[in-house]
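The sequence shown begins at 495 in my numbering and counts up by one. Single-structure report; data block below.
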Amino acid sequence: MEEITGILVDLFILFALAKAAGELFVRLRQPAIVGEVLVGVFIGPHALGFVGSPDSDLVSLFGGDREAAEEAMRVVFDVIAELGVIILLFFVGLETRLEDLLEVRGRATLVGLLGVLFPFALGFALIWATGRSNVESAFVATAMVATSVGITARVLRDIGAIRTREA
Numbered sequence: 495m496e497e498i499t500g501i502l503v504d505l506f507i508l509f510a511l512a513k514a515a516g517e518l519f520v521r522l523r524q525p526a527i528v529g530e531v532l533v534g535v536f537i538g539p540h541a542l543g544f545v546g547s548p549d550s551d552l553v554s555l556f557g558g559d560r561e562a563a564e565e566a567m568r569v570v571f572d573v574i575a576e577l578g579v580i581i582l583l584f585f586v587g588l589e590t591r592l593e594d595l596l597e598v599r600g601r602a603t604l605v606g607l608l609g610v611l612f613p614f615a616l617g618f619a620l621i622w623a624t625g626r627s628n629v630e631s632a633f634v635a636t637a638m639v640a641t642s643v644g645i646t647a648r649v650l651r652d653i654g655a656i657r658t659r660e661a
C-alpha cells in the first residue's frame, strides 16, 4: 500500500500545479488548458522529471528493476490520462443537444473529418520524416487525433462557446 502513496503524491502535485497554472492563464485571458498542459510537459517524467519517477519502494517491488517500475508508472499515468479524456468528452457530450447537432450536421461533419484527418496527416508526416516506421508514425498520428479532439472540446468549454452554433 505504501508503494501507491508515491504515485498519489505525484498526481496531487501535478494536479495542484496544473490548476494553478490554469488559473494564471485564465487571468492572462488564455484557455486554462494551455497552462495545465505546459505544467504537465515541464514537470512530467519526460522533461524535468519532478513527478513520474519511481521511488525506491516501488523499484524494490519490481525486484530492483528500475525500468520495469518506470514502465508501470507510465502505464498508471496513461490510464489515468485516458480516463480524464473520456470524462471530459462525456461532460462535453452532456452539454450538446441533439437538435443543435442535427441542425449543423453538414458543417459539423466537415469540421469533424478535417479535425481528424489534418492532425493525423500532419502527425504521420512529421514522425515519418524522422525515419520512423509506418506503424510508429500511425501510432503517434492517432495519439495526436485523440488529443486534438479533447483539447478542442476543453477550450470550447472553457471559453463558454460549447453551446454556440459554431461549436
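Glycine included, C-beta positions come from ideal geometry on N, C-alpha and C.
Using a C-beta cut-off of 8 Å, the segment 616-627 makes no contact with the segment 550-557, since fewer than three inter-stretch Cβ pairs fall below that distance. Contact between residue 583 and residue 526 is ruled out by a C-beta separation of about 17 Å, above the 8 Å threshold. Selection 616, 521, 515 evaluated against residue 534 yields 515 as nearest (Cα-Cα).
Exclusion of the five residues before and after residue 630 leaves 621 as the residues of its chain whose Cβ lies within less than 8 Å of its Cβ. Our two residues, residue 599 and residue 609, have alpha carbons roughly 15 Å apart in a direct line.
Annotation for residue 614: 635, 636, 638, 639 place their beta carbon closer than 8 Å to its own, counting only its chain and skipping 5 residues before and after. Taken in chain order, the unbroken stretches of alpha helix (DSSP H) that lie wholly in the segment 522-609 and span 4 residues or more are 526-537, 550-555, 560-588, 592-597. Residue nearest to residue 508 within the set 575, 559, 521, 558 is 575 (criterion: CA-CA distance). At a Cβ-Cβ threshold of 8 Å, residue 570 and residue 653 do not count as neighbours.
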